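Engineer:
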Amino acid sequence: MEIGLFIPCYINQFYPEVGKATLQLLQKYGNVTYPMSQTCCGQPMANSGCEKDGVEALKVFYKNFKDFDYVVGPSASCVLHVREHGATLYPEMSSLVPKVYDLTEFMYDVMKDDTLEASFGHQVAVHKSCHGLRGMRLGQCSERVTCDVSKQDKLLEQVDGLSLVKPSRADECCGFGGTFSVSQPDVSVRMGNDRLNDYINAGAEYITSGDMSCLMHLDGIIQRKQLPIKVIHLAEILASKAINSNAKNSQHVNAI
Amino acid sequence: MSTQYKSHQEGAKVFNKNPKRVSWHDKALWFVREKRDTAAHSIPEWEELREIASQIKAHTLSHLDKYLLQFEEQAKANGIHVHWAKDAKEHNDIVLSILQKHKVKNVVKSKSMLTEECGLNPHLNQHDIEVVDTDLGERIVQLAKEHPSHIVLPAIHKKKEEVGELFHEHLNTEKGATDPTYLTRAARKHLRDEFLKADAAITGVNFAVAESGGFVVCTNEGNVDMGANLAPVHIACMGIEKIIPKVEHLGVFLRLLARSATGQAITTYSSHFHQPKEGKEMHIVLVDNGRTEQLGRDDFRKSLNCIRCGACMNTCPIYRRSGGHSYTYTIPGPIGSILSPGKDLRKHSSLPFASTLCGSCSDVCPVKIDIHTQLYKWRQIIMEETNYDPAKKMSMKMAGKAMGNPTLFKLMGKVGNTFLKGPRALIYNGMNTWGLERELPVPTQTFDDWYKKNKN
Numbered sequence: 001m002e003i004g005l006f007i008p009c010y011i012n013q014f015y016p017e018v019g020k021a022t023l024q025l026l027q028k029y030g031n032v033t034y035p036m037s038q039t040c041c042g043q044p045m046a047n048s049g050c051e052k053d054g055v056e057a058l059k060v061f062y063k064n065f066k067d068f069d070y071v072v073g074p075s076a077s078c079v080l081h082v083r084e085h086g087a088t089l090y091p092e093m094s095s096l097v098p099k100v101y102d103l104t105e106f107m108y109d110v111m112k113d114d115t116l117e118a119s120f121g122h123q124v125a126v127h128k129s130c131h132g133l134r135g136m137r138l139g140q141c142s143e144r145v146t147c148d149v150s151k152q153d154k155l156l157e158q159v160d161g162l163s164l165v166k167p168s169r170a171d172e173c174c175g176f177g178g179t180f181s182v183s184q185p186d187v188s189v190r191m192g193n194d195r196l197n198d199y200i201n202a203g204a205e206y207i208t209s210g211d212m213s214c215l216m217h218l219d220g221i222i223q224r225k226q227l228p229i230k231v232i233h234l235a236e237i238l239a240s241k242a243i244n245s246n247a248k249n250s251q252h253v254n255a256i
Numbered sequence: 001m002s003t004q005y006k007s008h009q010e011g012a013k014v015f016n017k018n019p020k021r022v023s024w025h026d027k028a029l030w031f032v033r034e035k036r037d038t039a040a041h042s043i044p045e046w047e048e049l050r051e052i053a054s055q056i057k058a059h060t061l062s063h064l065d066k067y068l069l070q071f072e073e074q075a076k077a078n079g080i081h082v083h084w085a086k087d088a089k090e091h092n093d094i095v096l097s098i099l100q101k102h103k104v105k106n107v108v109k110s111k112s113m114l115t116e117e118c119g120l121n122p123h124l125n126q127h128d129i130e131v132v133d134t135d136l137g138e139r140i141v142q143l144a145k146e147h148p149s150h151i152v153l154p155a156i157h158k159k160k161e162e163v164g165e166l167f168h169e170h171l172n173t174e175k176g177a178t179d180p181t182y183l184t185r186a187a188r189k190h191l192r193d194e195f196l197k198a199d200a201a202i203t204g205v206n207f208a209v210a211e212s213g214g215f216v217v218c219t220n221e222g223n224v225d226m227g228a229n230l231a232p233v234h235i236a237c238m239g240i241e242k243i244i245p246k247v248e249h250l251g252v253f254l255r256l257l258a259r260s261a262t263g264q265a266i267t268t269y270s271s272h273f274h275q276p277k278e279g280k281e282m283h284i285v286l287v288d289n290g291r292t293e294q295l296g297r298d299d300f301r302k303s304l305n306c307i308r309c310g311a312c313m314n315t316c317p318i319y320r321r322s323g324g325h326s327y328t329y330t331i332p333g334p335i336g337s338i339l340s341p342g343k344d345l346r347k348h349s350s351l352p353f354a355s356t357l358c359g360s361c362s363d364v365c366p367v368k369i370d371i372h373t374q375l376y377k378w379r380q381i382i383m384e385e386t387n388y389d390p391a392k393k394m395s396m397k398m399a400g401k402a403m404g405n406p407t408l409f410k411l412m413g414k415v416g417n418t419f420l421k422g423p424r425a426l427i428y429n430g431m432n433t434w435g436l437e438r439e440l441p442v443p444t445q446t447f448d449d450w451y452k453k454n455k456n
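Chains as they are written, first to last, in my numbering: chain B, 1 to 256; chain U, 1 to 456.
1) In the segment 24 to 42 of chain U, which residues sit with their C-beta less than 8 Å from some C-beta in chain B, listed in chain order?
2) Is the beta carbon of B:C130 less than 8 Å from the beta carbon of U:C312?
3) Indicate whether at least one CB of chain B lies closer than 8 Å to the CB of U:E194.
4) Whose C-beta lies closer than 6 Å to the C-beta of B:L239 among residues of the same chain, with five residues either side of it excluded?
5) Counting only C-beta atoms, is B:I221 closer than 8 Å to chain U at any point?
6) Please decide whether B:M93 counts as near chain U, where near means a Cβ-Cβ distance under 8 Å.
7) Just confirm the distance between the C-beta atoms of U:T219 and U:S110, as a whole number of angstroms; I'd bet it's less than 8 Å.
8) What residues from the segment 354 to 367 of chain U come within 8 Å of chain B, judged by C-beta to C-beta, listed N to C?
9) Only counting the same chain, and skipping five residues up and downstream in sequence, which positions put a Cβ closer than 8 Å to that of B:K166?
10) Could you tell me which chain U residues have their CB closer than 9 Å to the CB of B:T179, listed as they occur along the chain?
11) For B:Q158, which option in B:R134, B:A170, B:Y108, B:Q140 has the closest C-alpha, if you only look at C-alpha atoms?
12) So if DSSP puts U:S271 in a beta bridge, which residue, or which two residues, is it bridged to?
13) Could you tell me the distance, in whole angstroms, from the CA atom of U:L436 to the CA atom of U:T407?
14) At a CB-CB cut-off below 7 Å, which residues of chain C make contact with B:V187?
15) Apart from the five residues just before and just after B:L5, which ones in its own chain have a Cβ nearer than 7 Å to its Cβ?
16) Please confirm whether U:I331 and U:L375 have their CB atoms less than 8 Å apart.
17) Confirm, please, whether the CB-CB distance from U:T262 to U:I202 is below 8 Å.
18) Check whether the Cβ atoms of U:H25 and U:H157 lie closer than 8 Å to each other.
19) Buried or exposed: B:M1, going by 16 or more other Cβ atoms within 10 Å of its Cβ?
20) Examine chain U for any beta-carbon lying closer than 8 Å to the beta-carbon of B:V253, and answer yes or no.
21) According to DSSP, which residues form a beta bridge with U:S110?
22) According to DSSP, simplified to helix, strand and coil, what is B:E2?
23) DSSP three-state label for B:K112, please.
24) Does any residue of chain U bring its CB to less than 8 Å from the CB of B:I11?
25) Taking 8 Å as the limit between beta carbons, can you name the residues of its chain near U:K410, skipping five residues before and five after?
26) Any beta-carbon of chain B closer than 8 Å to the one on U:A265?
27) I'd like the ranges of any alpha helix (DSSP H) spanning at least 4 consecutive residues and lying wholly in the segment 21 to 79 of chain B.
28) Show which residues of chain B have a CB atom less than 7 Å away from the CB atom of U:N387.
29) With 16 as the cutoff for other CB atoms within 10 Å, does U:R419 come out buried or exposed?
30) Looking only at DSSP bridge pairs, what is B:T230 linked to?
31) Rounded to whole angstroms, what is the Cα-Cα separation between U:S362 and U:W84?
32) Counting only beta-carbon atoms, is U:F409 nearer than 8 Å to chain B?
33) Determine the burial state of U:P423: buried for a count of at least 16 other Cβ atoms within 10 Å of its Cβ, exposed for fewer.
34) Report, in whole angstroms, the separation of the C-beta atoms of B:S188 and B:H127, which I expect to be a contact under 8 Å.
35) Would you kindly work out how many angstroms separate the C-alpha atoms of B:L234 and B:D113, rounded to a whole number?
36) Determine the contact status of B:F106 and B:Y62, defining contact as a CB-CB distance below 8 Å.
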C-alpha cells in the first residue's frame, strides 16, 4: 500500500516531531512517502473568504498526492478542508478527495488498528477539535442525540498507563479558528483561557488533540502564562512506545 | 438606545474589558444550553424530529405562495383581517393605520422580534402612541433604552443589581433591592396596570397554520393572553416564513422549540388564536422585509427554517463571550450572522467572520440550518463583493500565490523562521495580535529538513 504523507504547512514549520510520529505510525501500514514539494491545503484562504486564492495550493496538493492509494495527514482541520471544498474549487481533486484521511481516522476506520503498542503514563485530556468532531464526526458531540464512537478515545484506550480525564465541557471550541485568532484576539484568547482552566481543573497533565493548530493556540497561552499543563499531538502519544525504546532514559516523549 | 457598534470585533472588545461579566454571561447561557441537552437527550427520536421539521420547512418554503394564500383565505373566513407588508416601512404604516383608526394611545406588545426588526416602537412613539413591551426581559431592556441582546432572553446581559436599579428608577421599588421575586412582583403589578389601560395588543407569531388560518404564540409569562384577551384590538405581526401547512405539524415544532430554547418540554403557554371574540378585532400582518430575496438565494434559503429558539446563541462560544450587543443586527448570534448579510452586506460584513466555524450552531439547530456552512459562504461573497478587510484580502492573495509555488513557499518558510528567531521586540509589538497574550511557536528544525537528512 502506497501512502502519501501530508504534513500541513505549520506542522512542517514548527512541529517536526508531529510529522516524525505520524511517519512512524504510518510505516506500520505500508510504504510511506513524503512528497517534498507539498505546500499547504489552502484552508487559511478559504476560511478567510478568499477560497479562490487557495486553488493554487490545491493544484500543488493534487500534483503531489494524486498517485497514492491513501493520503494521510495529522490534522483533521486541513483534511476536512480538502474533503469539503477541494473538489468544488478544483474539480480534478474529485478522484483524490476520497483517499485523503486524517491520521486517527485512518488508523481507526481504515486500518482498524487494535494492536497499538504505546505507552504514556499520564493524565491526558483530549481536546476535541471542532473540525474533527463536527466536521469529520470523529466522536460524539454533546448537541446531537446519536451514538457516534469517539474514535480518538478508542485509540488512546490502547495506550498503556494513559488515563483519560474529562473536562466539564467536553467539546467546546478553543477559540483558534484560523485567522479568527488574530482578527478577534480578545474573544480568541478568552476562549483559550477557559478551555485551559477546564483541562487544568480536571487534573490533566497533558492536552492532546488531532489538530496541532488548536494546540498551538493553547500552548501560546500556556507559555505566556506559565501554566502547569502541556500539549502533545495524538500522533506523538500513539507512537510513544516505539520512540521510547529508541530514546534512552526517557520516561515519555515530549519532543522527539 | 444602546450603542450600535460598527463591527462585531469592536463590540466584542468592549464586552471583554470586563472579564467577570464575560464569565457570568458565558455561564448563564451555558446553563441554558445544558438544560437544552438534558431535554433533547430525553427524546430518543430527537434527530428524527429535527429531520422531519427540516423537511416540513423545506416543503413549505418551496410552496410558500400556496400556503400563504391558503392561510389568508382561511384566516379571512375566520374573521381575521389579513394585511401584506413588503418591507418594514409598510409593516409599520399598516400597524399605525389600524391603531389610528381605533384612536389607540396605549399599546401592550409581546413576543415579537419582527417588530424590533422593523423598528415599530420608535415609529409608533413618533405618532404619540405609547408601546409597552410586556415580556419581562423586553420590558427591562425597554426601560434601560437598550435593544434585546438575545431573542429568547432579551436581558440576559443584565445583572439583577442593574435590574433593581432600573426598577427603582422607573417602578419605585426599594433602592438596592436585588431579590428576583420582589423585583418580578413589582414588574407584574406594573404590567398589570399597563394591560388594563391598553387599547390594543400587538403580538408576534410563532407558527401560523395554513389549513386552519390560526396562529400560535408561545410564552412563559402568559402576557400574550393578557394583552390579546383584554384589549379590543389584537394585531399579530409575522414574518412570512412562520407559516406551516397543517395543524398536525405543530406537534413537531412545539416539541422542538421549547426544548431548544430553554430546556423546557413545552412553553408554559402555547396560545392558539383563530378568530376575534365578539365585538373585537383581530389583524394579522404578513411581512416579507427581505425574506423572498433570501428565499431566492439557494445557499441561504435554509436560514428561513429558523423558529427563533435561540439555541445557536446559547451554544455559540463567541456569542457567549462577546454578548448580543456586539452583533450589528436585531437578531444576534450565528443565525443573525447569516440573516443579516442578505439585508445589508456591507453594514453586517463583520458578522460571518465572528465565528471559528466550530459547527456547534448547526448541530444544535432544531430545524437543521447549516449555519456554519452559510457563514463560510457569506465570507466568500463579502470578500469578493465588498471592501471588507482589504489588508487580509491582499495577504491572502499573496499567500495563495506562494502556496502554488513550492520553491517560493519553502523560501518564505525559511525567512519566516529566521524572523521568529530574531529580537523579541521585533516580533512582539502592537501589530502582532497573536502575541498580545500568546507566545508564538519557536521554530527548531523543519520536518522537511529532518526528512531530507533521515529519509534513508
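Where a beta carbon is used, it is the ideal one built from N, C-alpha and C, also for glycine. Quick caveat: nothing in here was measured; it's all calculated off a predicted structure.
Structural biologist: In short, the structure shows the following:
1) For the segment 24 to 42 of chain U, which is checked against every Cβ of chain B, the residues closer than 8 Å are D26, W30, D37, A40, H41.
2) Position 130 of the first sequence holds residue 130 of chain B. Position 312 of the second sequence holds residue 312 of chain U. In this structure, B:C130 sits away from U:C312, with a CB-CB distance that is not shorter than 8 Å.
3) The count along the second sequence starts at 1 and reaches residue 194 of chain U at position 194. Not closer than 8 Å to any Cβ of chain B, the Cβ of U:E194 fails to qualify, so no.
4) Residue 239 of chain B sits at position 239 when you count from the first residue of the first sequence. The residue you asked about is not Leu; residue 239 of chain B is Ala in the sequence shown. Excluding sequence neighbours, B:A239 sits near A21, Q24, L25.
5) Taking the first sequence and counting its residues from 1, the one referred to as residue 221 of chain B is at position 221. Closer than 8 Å: yes.
6) Within the first sequence, numbered from 1, the residue matching residue 93 of chain B stands at position 93. Chain U, which has no Cβ nearer than 8 Å to the Cβ of B:M93, makes this no.
7) Numbered from 1 along the second sequence, position 219 holds the residue referred to as residue 219 of chain U. Numbered from 1 along the second sequence, position 110 holds the residue referred to as residue 110 of chain U. Their Cβ separation, rounded to whole angstroms, is 7 Å, which keeps U:T219 and U:S110 in contact under 8 Å.
8) The residues in question are A354, S355, T356, L357, C358, G359, S360, S362, D363, V364.
9) Start at 1 with the first residue of the first sequence, and residue 166 of chain B comes out as number 166. Around B:K166, the same chain offers A125, A202 as residues with beta carbons nearer than 8 Å, after the five sequence neighbours per side are excluded.
10) If you number the first sequence from 1, residue 179 of chain B lands on position 179. What B:T179 touches in chain U: F353, K392, M396.
11) Residue 158 of chain B sits at position 158 when you count from the first residue of the first sequence. Ranked by Cα distance from B:Q158, the first of B:R134, B:A170, B:Y108, B:Q140 is B:Y108.
12) To locate residue 271 of chain U, count along the second sequence from 1; it is residue 271. Within the DSSP secondary-structure output, U:S271 pairs in a beta bridge with U:V217.
13) Residue mapping note: residue 436 of chain U aligns to position 436 of the second sequence, counting from 1. Residue mapping note: residue 407 of chain U aligns to position 407 of the second sequence, counting from 1. Going from the Cα of U:L436 to the Cα of U:T407 covers about 32 Å.
14) In the displayed structure, chain C is absent; the protein chains listed are B and U.
15) Mapped onto the first sequence, residue 5 of chain B falls at position 5. So the qualifying residues of the chain are T22, L23, L26, V32, T33, Y34, V72.
16) Position 331 of the second sequence, counted from the first residue, corresponds to residue 331 of chain U. Position 375 of the second sequence, counted from the first residue, corresponds to residue 375 of chain U. In this structure, U:I331 lies away from U:L375, with their beta-carbon atoms at least 8 Å apart.
17) The residue labelled residue 202 of chain U in the question sits at position 202 within the second sequence. The residue labelled residue 262 of chain U in the question sits at position 262 within the second sequence. For the 8 Å CB-CB criterion, U:I202 and U:T262 do not form a contact.
18) Translated into the one-based positions of the second sequence, residue 25 of chain U becomes position 25. Translated into the one-based positions of the second sequence, residue 157 of chain U becomes position 157. Yes. Within cutoff.
19) Against the first sequence, residue 1 of chain B aligns to sequence position 1. So B:M1 ends up on the exposed side.
20) Counted from its first residue, the first sequence places residue 253 of chain B at position 253. Its pLDDT being 38, under 50, B:V253 is placed unreliably in this model, and the value from its coordinates should be taken loosely. Cβ-Cβ to chain U under 8 Å: no for B:V253.
21) Residue numbering aside, residue 110 of chain U sits at position 110 when the second sequence is read from its first letter. Answer by DSSP bridge pairing, in chain order: U:T203.
22) Position 2 of the first sequence, counting from 1, holds the residue named residue 2 of chain B. The answer is strand: DSSP assigns B:E2 an E or B state.
23) Taking the first sequence and counting its residues from 1, one reaches residue 112 of chain B at position 112. Coil, per DSSP.
24) For the purposes of this step, residue 11 of chain B is taken as the residue at position 11 of the first sequence. B:I11 counts as touching chain U.
25) Within the second sequence, numbered from 1, the residue matching residue 410 of chain U stands at position 410. The residues are D448.
26) In the second sequence, residue 265 of chain U corresponds to position 265, counting from 1. Look at U:A265: its C-beta is not under 8 Å from any C-beta on chain B.
27) Here the runs fully enclosed are 43 to 47, 55 to 65.
28) Start at 1 with the first residue of the second sequence, and residue 387 of chain U comes out as number 387. Within chain B, no residue comes near U:N387; the closest Cβ sits about 12 Å away, beyond 7 Å.
29) For the purposes of this step, residue 419 of chain U is taken as the residue at position 419 of the second sequence. Just to set this straight, residue 419 of chain U is Phe in the shown sequence, not Arg. Taking every protein chain shown into account, the CB of U:F419 has fewer than 16 other CB atoms within 10 angstroms, so this residue is exposed.
30) Stepping through the first sequence from its first residue, residue 230 of chain B is reached at position 230. For the sequence presented, residue 230 of chain B should be read as Lys rather than Thr. When DSSP reads this structure, B:K230 sits in a beta bridge with B:Y206.
31) Walking along the second sequence from the start, residue 362 of chain U turns up at place 362. Walking along the second sequence from the start, residue 84 of chain U turns up at place 84. Cα-Cα distance, rounded: 32 Å.
32) Along the second sequence, one-based indexing puts residue 409 of chain U at 409. Flagged as an interface residue toward chain B: U:F409, by a C-beta distance shorter than 8 Å.
33) For the purposes of this step, residue 423 of chain U is taken as the residue at position 423 of the second sequence. An exposed status is given to U:P423, since fewer than 16 other beta-carbon atoms sit within 10 Å of its beta-carbon.
34) By one-based count along the first sequence, residue 188 of chain B stands at place 188. By one-based count along the first sequence, residue 127 of chain B stands at place 127. Taking C-beta atoms under 8 Å as the contact rule, B:S188 and B:H127 fail to qualify, at a distance of about 15 Å.
35) Taking the first sequence and counting its residues from 1, one reaches residue 234 of chain B at position 234. Taking the first sequence and counting its residues from 1, one reaches residue 113 of chain B at position 113. The straight-line gap from Cα to Cα measures roughly 15 Å.
36) By one-based count along the first sequence, residue 106 of chain B stands at place 106. By one-based count along the first sequence, residue 62 of chain B stands at place 62. No, the Cβ-Cβ distance between B:F106 and B:Y62 is not below 8 Å.
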